[in-house]
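Remember, my numbering sits 41 above the position in the sequence shown when you count from 1.
Glycine included, each C-beta is placed from N, C-alpha and C at the ideal position.
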Amino acid sequence: MSFNPRVFSRKAHRWGAIGVALPFLVVIVSGLLLQLKKHWSWVQPVEVRGAGTAPALPFDSLLTIARSVPEAGIRGWDDIDKLDVRPGKGIVKITSNARWELQVDSESGAVLHSAYRRSDWLESLHDGSWFHPLAKLGVFLPSGIVVLVLWLTGIYLWLVPYQTRRQRARMAAIGGPQRRSDRHDDRHDDRRAAGAG
């Protein structure tokens, strides 16, 4: 049995789409939400602007300030996931392990904004690491490769009939060779004409 690229493309397209449907849905939905992270405070808290520019607060003061906000659940440095210093906006963002974000004025130490931050969780969902460390490389990476194959086979399945139609139209325009079915119809008409004569 010879290899038929069109049959292979159809089968790869069908079974590949079924195989990656769920991981790809997760990637699409989380990706759409991440596109809106700067525009929708539900995904990521809106950045505010502090009074200062150069960070003036020592780390121990930042920890004391973070402890003063009960929602953040910060008791010590182990409860802090990251500090994000934004000199241009005059703030320091403190993100807790519980995904709570505090925006602190880098000069006065005032808590300017306090809200839950979902964008980091969505990023881990988007790359698959939220499910399990092995899911990122064992499920989501292969799914991405399959989606690339789907794209390639989809282009092939679209391009071949398109090129065939263009070639037939070009041949018809220059009076090129007829299709087999057309030649059969012509011979049938010739026999009928001979029988009538």
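TYR157 is not a Cβ neighbour of PRO46, given a cutoff of 9 Å. Contact between the region 136 to 148 and the region 172 to 183 is not established, with fewer than three Cβ pairs separated by less than 8 Å. In the three-state reduction of the DSSP assignment, SER137 falls in the strand class. The count of Cβ pairs closer than 8 Å, one atom from the region 113 to 126 and one from the region 75 to 92, stays below three, leaving the stretches out of contact. Annotation: ARG127 is outside any alpha helix (DSSP H); the continuous beta strand (DSSP E) that includes it extends over 121 to 127. In this structure, ALA53 lies near VAL190, with their beta-carbon atoms less than 9 Å apart. Residue environment for THR105: exposed (fewer than 16 other C-beta atoms within 10 angstroms of its C-beta). Short of 6 Å from the beta carbon of THR94, and not among the five residues preceding or following it, lie these beta carbons of its own chain, in chain order: PRO128 and GLY131.
Beta-bridge analysis with DSSP links ASP146 to ILE132.
Taking C-beta atoms as the reference points, VAL67 and GLY169 count as a pair closer than 9 Å. Annotated three-state conformation of HIS173 is coil, per DSSP. The C-alpha of ALA213 lies about 22 Å from the C-alpha of TRP199.
The region 173 to 214 contains no complete beta strand (DSSP E) run of 3 or more residues. Using a 10 angstroms sphere on the CB of ARG207, the tally of other CB atoms stays under 16, which defines it as exposed. Taking a 10 Å sphere around the C-beta of PHE181, we find 16 or more other C-beta atoms and assign the residue as buried.
Taking the Cα positions, LEU63 is about 12 Å away from LEU166. For a cut-off of 8 Å, the C-beta gap from SER149 to ALA113 is around 19 Å, too long to register as a contact. Here the alpha carbon of ASP161 sits roughly 14 Å from the alpha carbon of LEU124. The residue from THR194, LYS134 and LEU77 with its alpha-carbon nearest to that of TRP56 is THR194.
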